[in-house]
Amino acid sequence: MSKEEFIIETQQLEKKYITDTVETTALAGVDLRIAKGEFVAVMGPSGCGKSTLLNILGLLDSPSGGTFRFLGQDISHASERQRAKIRKHNLGFVFQSFNLIDELTVEENIGLPLAYLGIPRAEADKRVKEAMERMGIAHRHAHFPQQLSGGQQQRVAIARATVSNPSLILADEPTGNLDSVHGREVMSLLSELNDAGTTVVMVTHSPSDAEYAHRIVNLFDGQIVTESLNARKHAAELL
Amino acid sequence: MLKNYWLTSWRSITRNRVHAAINIIGLAVGIASCILIYLFLQHELSYDQSFSDADRLYRVTSDMSLNGQAKKTALSHGPLAQTLTEEYPEVEQATFLLQMGQNSLRSKENALTVGISYADSNFFKVLPFPFVAGDPATALQNPFSVVVTEELARKYFGSADSALGKPLTYIASTFLVTGVISHPRPSHLQIDAVFPLHFDTNTEYMLNQWQMVGGYTYLKLFKAEQAGALTSKMPELYNRKAKPNQQMDGIAVTGYNIQPITDAYLDKDLEYPVGDVGNITYIYIFSVIAVFILLIATINYINLATARSAKRSKEVGLRKTIGASRSQLVKQFLAESFMLTLIAVVVALSIVELILPLFNSLTERSIDTIFILKPEVGLFILGIVIFVSFMAGGYPALYLSGYKPVEALKANATPNSGNARLRKALVVLQFTISLILIIGTVVVYNQMQHLKGVHLGFQKEHVISVKIPSIGWVRQKEKLALLKKEMLELPQIAYTSSAQQLPGEDALVSDFQVEINHKMVTRTINHIGVDYSYIDLMGIKLAEGRGYSREIRSDETHSYLINEAAAREFGWTDALDKRIKLPDDTLTSKVIGVVKDFNYKSLHSKIEPLIIRLEPHFGRLLTRVNTEADLSATLADMDKVWKKHFPAFPMDYQFLDESFQQQYRAEEKMLIIFTYFTILTIVIACLGLFGLSAYMAEQRTKEIGIRIVLGSSVSEIVLLLSRSFALLVLIAIVMAIPIAWFSMDKWLQNFAYRIEISWWVFVTTGLAAMTIALATVSYQAMKAALADPIRALRTE
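These protein sequences, in sequence, are chains A and B. Just so you know, we're using the numbering used here here: the first sequence kicks off at 2 and counts up by one. Just so you know, we're using the numbering used here here: the second sequence kicks off at 115 and counts up by one.
This is the structure in structure tokens:
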């Protein structure tokens, strides 16, 4: 694989939290490469640094040490403004707790990233409509988040994460607040997006969710302890 | 994007109704106060602006010296107008005006008391009062002509048009209406009826002498820019014309100035003003209060917004994660404050419309309800909207948009301690302002009560004064004597007398020759003319000597009474038989008695030296009614006597205590407006406290739940939540006291008879503010404490 095809490359990535009295190491030298089009699951026990890693990969947080390249560009020391710009253009987020804005309708929630990108109204409306249809929530377009079931809310969140065609989707326990039926539904949606070319990085506790990934990275105490390829997924793709 | 901002703002407002209502009510009242004060200010600044060519109209003012004391006056010499017109190329026309006070003017059907003015025939050429009927160029040429206002014409003759050529009787002469004018208002000039100055030789004389000042000179320049040139020529004019003719030692004009007519109304430092004088100080005070109210409302917004920040942090984090830039978030929050302010403005405008009639009657102005159509008012409101949106929304916008997404997304972000400190400081500021205003109101109220209760040196109760209609001086004299005699026969009447000047009114001022160290020295002294029984009727006490007596013939020709202040001023230890002489008197008078000082002027000023002349024949009739008598029955009996002598005139009477009180009307009005505003500030500050304590209680719901589960009592919880607010109010009290004391002490220095601000004012206002604040906070605390603890613990 040539270097350009990696969407994410980290070397000796560190993150320390310093409070008045204690220094906590959340990440202690993480080397990770994620190729374009990959579906990676990050697993590990609570407090192992999964979410910290995801936040740094998602440019919501900055590392304390090491290098971080995003699409070949070193952004370890990027400013908040630069990071906001990269986020806006390349990233989509899906959270365990959906994180929809209560004051906005389904349609408006999904359209928000496009509004921040400054995409013209007509074009944005079209893309929001497509995203809603893809996620099967078009009939709920005028509802507010509290009027929807958890599964529906997560589909809205995914629609919002994908509406701007990001190259990378970061999902933090996307099925954590859902029952198994809705969980599977969400996972197959993510899988479909991945099949269509979007890179997906997902943090999860659930081995069955991890089954959808090409590769599973296991974190422990802020370090990668094992990496394994998902043979079944690879086999399925070869078929 | 803009639509998104609006939508989010609108939903955020409608979802948090209580919060929005607190903000809207506070801001609306603040904005309404600002609009009202702005309208008032605009009205006060618009005096005489509606005269055409207002920028070319000027008034001559004189610097004068009274007993060596420099004073600026609105008065000037009679011949000045003609001199200015003839000898100064800058002046197009000048005119001389005499204000003769109120007097009765009669048509066949109607007798009304109106303002009488005398003017030379140039008057309407200089001051362009629009003529409804008649010709301004010739209206005052005939000596027996009169020009009246449209309102008067309507009262006398039914309409302005039918008035022309109709007769009106003034004193004992008949005048024909030659003009009907409309009075451009507001104006410092109070014109009802204008007579040609030359109908009366006594006043015509004023036009030809440089010794006395007594009227007003107005002039019109050819070009407004010539004012500077004319001003620089005024010293030369004074030196050439007036100075060589200054004969009197006591009163002397020492220079002339000119003043734009548009500045005349607000120049409260000029003595002997023409008509109404505004007081810009009150406008400033009210402007400051209006801004205070707006500030308190703005603080409410800031405090509630930052208190709520924990709730909104998640939204901010989310928007940032999705790609919102900080500036986009700032815009969103500003849009919210902008929308709230807009709603508040709509509410404020309705408040203004509703309250304007009351405001007009309180301030005695006539501000139009269609004010909103004026472009400058629109601009002012727009300015307020922008200012308030940024003031209120600015800090929360910057603060909220600064959240880091990762931290913000963690359910409820920890409250920022710097923020809490700012909130506390702002609450202290709100209460400091409110307390200053409360203390101010209490002090003003106490001072007004004090003035009412001050021992005046005379008995103002149960004294009735009656005006004698102008029917020619011979008949007036006869009628006054008869009325005094016949009314005294009424059983309810203890005394009758007459006086030319009543307490609370300006006394006359003249130069007297006074014996000081065996020499006759000129002194300018206040004097009043009264009848024999005046001192007894008024209950004025004698300090030395005796009062006037009918039995002693010399009293009528060469005797004077003085007050103690005069004796002190002249250094007389034994004042009796000291000599006093008016320049015109043939005989030198002697002092026959000294009366104890009484307040013949307003209580603003100390009692000045006074000479009480005997003048039994003219002035207003005075009666003292027995204390136990029924006033309305007495008035009815007096009216019967009156009707015998003046069947055509209604008895125009006043109670002395009421007319004396008139001089404090400005202060009393101020007190009322002050009180309203003060109540508003404290209500709005408490509204904010109400909202703030609701959030505090909500934030500590879990803590309260745990405490209650562990056995805490409701009162302990209330105490816990109220304690921090009580401390803030306490700090505000400590801060407000010195500021309030200092500024109110300064205000009190305007009064010769003033109270000292006592400690209990501070204690009671402090306690009151504390009680109100704690009552507000405890409501929320009680609500939190009485809530089901299990639910409190579950709602995480």
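All C-beta atoms, glycine included, are put in the ideal place defined by N, C-alpha and C. The structure presented is a predicted model; accordingly, all values stated were derived computationally and were not measured.
Span separating the alpha-carbon of residue i from that of residue j
{"i": "Glu6/A", "j": "Pro167/A", "result": "16 Å"}
{"i": "Ser480/B", "j": "Leu311/B", "result": "32 Å"}
{"i": "Lys4/A", "j": "Ile87/A", "result": "Note that Lys4/A scores 46 on pLDDT, short of 50, meaning its location in the model is unreliable; the coordinates nonetheless yield the value given after this. Their backbone Cα atoms lie some 20 Å apart in a straight line."}
{"i": "Ile305/B", "j": "Pro257/B", "result": "18 Å"}
{"i": "Tyr778/B", "j": "Leu344/B", "result": "39 Å"}
{"i": "Pro114/A", "j": "Gln154/A", "result": "17 Å"}
{"i": "Thr22/A", "j": "Cys49/A", "result": "21 Å"}
{"i": "Gly392/B", "j": "Ser857/B", "result": "22 Å"}
{"i": "Ile831/B", "j": "Leu888/B", "result": "13 Å"}
{"i": "Gly492/B", "j": "Ile486/B", "result": "6 Å"}
{"i": "Asp699/B", "j": "Gln627/B", "result": "10 Å"}
{"i": "Ser47/A", "j": "Gly819/B", "result": "29 Å"}
{"i": "Ser503/B", "j": "Tyr213/A", "result": "51 Å"}
{"i": "Ile666/B", "j": "Pro761/B", "result": "36 Å"}
{"i": "Ala799/B", "j": "Asn414/B", "result": "7 Å"}
{"i": "Ser273/B", "j": "Leu266/B", "result": "9 Å"}
{"i": "Met896/B", "j": "Gly151/A", "result": "36 Å"}
Cβ pair residue i, residue j closer than 7 Å
{"i": "Glu204/B", "j": "Gln340/B", "result": "yes"}
{"i": "Arg738/B", "j": "Val580/B", "result": "no"}
{"i": "Tyr333/B", "j": "Leu198/B", "result": "It should be pointed out that residue 333/B corresponds to Leu in this sequence rather than to Tyr. A contact, by the Cβ cut-off of 7 Å."}
{"i": "Ser719/B", "j": "His672/B", "result": "no"}
{"i": "Leu745/B", "j": "Gly707/B", "result": "no"}
{"i": "Thr795/B", "j": "Ile410/B", "result": "yes"}
{"i": "Thr912/B", "j": "Asn371/B", "result": "Nothing in the structure corresponds to residue 912/B, since chain B is present only between 115 and 910."}
{"i": "Trp324/B", "j": "His191/B", "result": "yes"}
{"i": "Leu335/B", "j": "Arg589/B", "result": "no"}
{"i": "Ala307/B", "j": "Leu226/B", "result": "no"}
{"i": "Ile547/B", "j": "Phe400/B", "result": "no"}
{"i": "Met178/B", "j": "Val367/B", "result": "yes"}
{"i": "Thr288/B", "j": "Pro281/B", "result": "yes"}
Limits of the unbroken beta strand (DSSP E) element including residue i
{"i": "Thr288/B", "result": "287–295"}
{"i": "Tyr18/A", "result": "7–19"}
{"i": "Val95/A", "result": "92–96"}
{"i": "Pro208/A", "result": "Element bounds for Pro208/A: not the beta strand (DSSP E) but the alpha helix (DSSP H), 208–211."}
{"i": "Glu24/A", "result": "24–36"}
{"i": "Ile706/B", "result": "703–709"}
{"i": "Gly67/A", "result": "66–71"}
{"i": "Asp177/B", "result": "171–180"}
{"i": "Leu728/B", "result": "724–728"}
Segment limits, alpha helix (DSSP H) that includes residue i
{"i": "Asp126/A", "result": "122–135"}
{"i": "Glu830/B", "result": "828–862"}
{"i": "Pro310/B", "result": "Unbroken run through Pro310/B is the beta strand (DSSP E), 307–310; no alpha helix (DSSP H)."}
Discussion item. Along the region 435–448 of chain B, where does the CB come closer than 9 Å to a CB of chain A? Name the residues.
Written reply: Thr435, Ile436, Gly437, Ala438, Ser439, Arg440, Gln442
Worksheet item: Does the region 496–512 of chain B come close enough to the region 450–464 of chain B to have 3 or more Cβ pairs within less than 8 Å?
Response: yes
Worksheet item: Do the region 218–237 of chain A and the region 64–83 of chain A touch if we need at least three Cβ pairs shorter than 8 Å?
Response: no
Discussion item. Residues of the region 89–101 of chain A in Cβ contact with chain B at a cutoff of 7 Å, in chain order, please.
Written reply: Cβ contacts with chain B come from Lys89, Phe94, Asn100.
Discussion item. Under 7 Å, CB to CB, which of the residues in the region 18–44 of chain A have a partner in chain B?
Written reply: none
Discussion item. Counting only Cβ-Cβ distances shorter than 9 Å, please list the residues of the region 161–172 of chain A near chain B, keeping chain order.
Written reply: Arg161, Ala162, Ser165
Practice prompt. Quick one: which residues of the region 505–521 of chain B get their C-beta closer than 7 Å to a C-beta of chain A? List them in chain order.
Written response: Pro519, Val520
Worksheet item: Is the region 6–20 of chain A touching the region 192–199 of chain A, taking contact as three or more C-beta pairs under 8 Å?
Response: no
Practice prompt. Tell me, please, whether the region 799–816 of chain B touches the region 862–869 of chain B by the rule of three or more beta-carbon pairs shorter than 8 Å.
Written response: no
Worksheet item: Should the region 723–735 of chain B be regarded as contacting the region 610–625 of chain B, the criterion being three or more beta carbon pairs within less than 8 Å?
Response: yes
Discussion item. Quick check: the region 137–147 of chain A against the region 103–112 of chain A, are at least 3 beta-carbon pairs closer than 8 Å?
Written reply: yes
Worksheet entry | Segment contact flag, the region 93–105 of chain A with the region 148–165 of chain A, C-beta cutoff 8 Å, min 3 pairs | yes
Discussion item. Does the contact criterion of 3 or more C-beta pairs under 8 Å hold for the region 145–160 of chain B versus the region 227–237 of chain B?
Written reply: no
Worksheet item: Using 8 Å as the threshold, is the region 709–724 of chain B in touch with the region 594–607 of chain B, meaning 3 or more CB pairs across them?
Response: no
Item to complete: Evaluate contact between the region 375–391 of chain B and the region 629–636 of chain B, counting only Cβ atoms and requiring at least three cross-stretch pairs below 8 Å.
Response: Between the region 375–391 of chain B and the region 629–636 of chain B, the count of Cβ pairs shorter than 8 Å is below three; the stretches do not touch.
Worksheet item: Using a Cβ cut-off of 8 Å, which residues of the region 118–137 of chain B contact any Cβ in chain A, in chain order?
Response: Asn118, Leu121, Thr122, Arg125, Ser126, Arg129
Fill in: Contact between the region 242–250 of chain B and the region 278–298 of chain B (3+ Cβ pairs under 8 Å)
yes
Fill in: chain B contacts made by the region 209–233 of chain A, where a contact means CB separation under 7 Å
none
Fill in: Within 9 Å of chain A by C-beta, residues of the region 447–468 of chain B in sequence order
none
Discussion item. Please list, in chain order, the residues of the region 114–127 of chain A that have any C-beta partner in chain B closer than 9 Å.
Written reply: Across the region 114–127 of chain A, CB contacts with chain B closer than 9 Å involve Pro114, Ala116, Tyr117, Leu118, Gly119, Arg122, in sequence order along the chain.
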